[in-house]
Amino acid sequence: MIDITNIEAAAARLSGHALRTPLLGSAFLNDIAGRQVWVKAECLQHTGSFKFRGGWSAVSALSAEQREAGVIAYSSGNHAQGVALAAQRHHAPCVIVMPGDAPRLKIDNTRALGAEVVLYDRERENRDAIGARIASERGLTLIKPYDEPEVIAGQGTCGLEIAEQATEHRIRQADVIIPCGGGGLTAGVGLALESRMPGLRPRPAEPEGFDDTARSLASGEVCRNARLAGSLCDAIVTPAPGALTFPINRRLCGPGFAVTDDEALHAVALAFTRLKIVLEPGGAVALAAALFRPDEIEGDDVIVIASGGNIDAGLFTSALSRFGG
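Read in order, the letters of the sequence shown are residues 1 to 325 in full-length UniProt numbering.
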């Protein structure tokens with residue numbers, strides 16, 4: 001259903017719009033991990049996360065009539081901002097359904113990008129049902145956060161860049177650790193690497209207690225999370241792996257990682273002090289896995305995606321105060 005041709009087409013539409021984010025390194029981080037750590041800084045992408053790639057890919061693939069009618073998405077914040085900016089630049093009306101406990105920064109930024117924000121209670125209400133109802137009532141096109149082919153293709157463009165940058169650094173074999181919620185980034189990057197550099201193996205990273213993809217990969221069938229809230233890594237808390245993404249990830253991925261909130265916050269502090277980049281906890285779980293799960297990784301190199309940097313000032317200050325890098 002989705003292959004490298006879809007990703008290449010998305011890359012063509014993203015050309016001149018998305019940033020080619022850098023692959024960063026630090027001797028300090030290498031010492032902690034016991035190997036060379038390469039950090040793909042998607043926190044420097046437009047709107048502060050990789051989600052702009054999928055948002056632009058999906059909106060740009062719509063017909064003129066669909067864009068004129070408008071789009072709707074549901075998200076805890078990063079997909080929201082990616083779709084909102086893409087819709088704004090395509091002059092398309094945009095509605096975003098967001099959990100009421102999403103970081104205030106993400107809610108405010110989404111509104112600032114011109115989107116109408118509809119808040120819901122993620123413990124008591126179903127975002128899929130809310131999104132479907134509003135889409136039907138207003139004639140909007142729903143852009144799902146991960147179970148959407150054009151979104152997966154857009155996220156896959158990050159994998160194309162990783163393959164190019166790995167070649168530049170003469171990296172042929174390595175695990176590529178990816179923050180994983182519903183699995184769209186993991187699936188897109190995995191498909192790109194399979195085509196361009198199969199020696200790079202995708203591996204998902206998730207917060208403990210919300211590691212549905214890791215458990216699903218281990219069991220071979222979809223496992224759901226018992227809870228839908230309760231982690232600082234809000235950006236990657238989802239009910240279960242996606243129907244489109246899981247078959248791809250089951251075929252391509254190595255074993256998953258589960259990291260604690262404290263480990264994610266420690267990685268936030270280390271990313272700031274050693275790389276001078278700002279990460280949110282959900283965007284730092286792959287780095288946390290590389291630094292604090294070294295015995296679960298083989299080889300001299302590991303590549304991690306720093307997927308997002310939309311963190312509230314108070315939480316960021318707390319991470320620096322507690323761990324200091």
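In this text, a Cβ means the ideal position worked out from N, Cα and C, and glycines have one as well.
Collapsed DSSP secondary structure at residue i in the structure displayed
i, result
"residue 207", "strand"
"residue 315", "helix"
"residue 282", "helix"
"residue 268", "helix"
"residue 276", "coil"
"residue 116", "strand"
"residue 18", "coil"
"residue 41", "strand"
"residue 107", "helix"
"residue 322", "helix"
"residue 263", "helix"
"residue 226", "coil"
"residue 236", "helix"
Distance, residue j Cα to residue i Cα
i, j, result
"residue 36", "residue 28", "10 Å"
"residue 50", "residue 160", "13 Å"
"residue 270", "residue 155", "25 Å"
"residue 111", "residue 259", "32 Å"
"residue 237", "residue 74", "13 Å"
"residue 152", "residue 188", "5 Å"
"residue 129", "residue 204", "27 Å"
"residue 202", "residue 231", "23 Å"
"residue 13", "residue 122", "34 Å"
"residue 293", "residue 267", "12 Å"
"residue 206", "residue 38", "19 Å"
"residue 306", "residue 25", "12 Å"
"residue 225", "residue 215", "10 Å"
"residue 183", "residue 244", "9 Å"
"residue 278", "residue 303", "18 Å"
Residue range of the unbroken beta strand (DSSP E) whose run includes residue i
i, result
"residue 306", "301 to 306"
"residue 34", "First-last for residue 34: undefined, no H or E at that position."
"residue 259", "257 to 259"
"residue 24", "23 to 25"
Nearest neighbour of residue i, chosen from the options [CA to CA]
i, options, result
"residue 162", "54, 148, 152 and 177", "177"
"residue 115", "195, 14, 231 and 80", "80"
"residue 221", "210, 198, 182 and 250", "250"
"residue 146", "136, 181 and 72", "181"
"residue 285", "101, 210 and 190", "210"
Continuous alpha helix (DSSP H) stretch holding residue i: start and end
i, result
"residue 287", "285 to 292"
"residue 246", "245 to 252"
"residue 212", "212 to 219"
"residue 13", "4 to 14"
Any non-hydrogen atom of the ligand MN closer than 7 Å to residue i Cβ
i, result
"residue 7", "The ligand MN is absent from the structure shown, which contains no ligands of any kind."
Next item on the list: List in chain order: all unbroken beta strand (DSSP E) runs of 3+ residues lying wholly within the stretch 45 to 104.
Entry: 71 to 74 and 94 to 99
Note to self: Threshold first: 3 residues or longer. Then list the beta strand (DSSP E) segments lying entirely within the stretch 118 to 202, N to C.
What the structure shows: 174 to 179
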